[in-house]
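Numbering (this note's numbering), first residue to last: 1 to 53. Please read the structure below before turning to the comments.
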């Protein structure tokens, strides 16, 4: 069984986690939100549209 990797320090500007958290995740989340909105807009499901409001 493998061990759990160490926790990354998001506050350390020299760490990979810092750049990932500050640069990549906002873009990923923005794109995910756009995908959900697009799916809702294209859907004919009334309940889905109500929940998406």
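Beta carbons: idealized from backbone N, C-alpha and C, even for Gly.
Just curious, the alpha helix (DSSP H) that residue 14 is in, first and last residue? Neither: residue 14 is in no alpha helix (DSSP H) and is coded neither H nor E.
Is the Cβ-Cβ distance between residue 37 and residue 49 less than 8 angstroms? no
For residue 17, I'd like the list of residues in its chain whose CB is within less than 7 angstroms of its CB, leaving aside the five on either flank, ordered along the chain. 8, 9, 10
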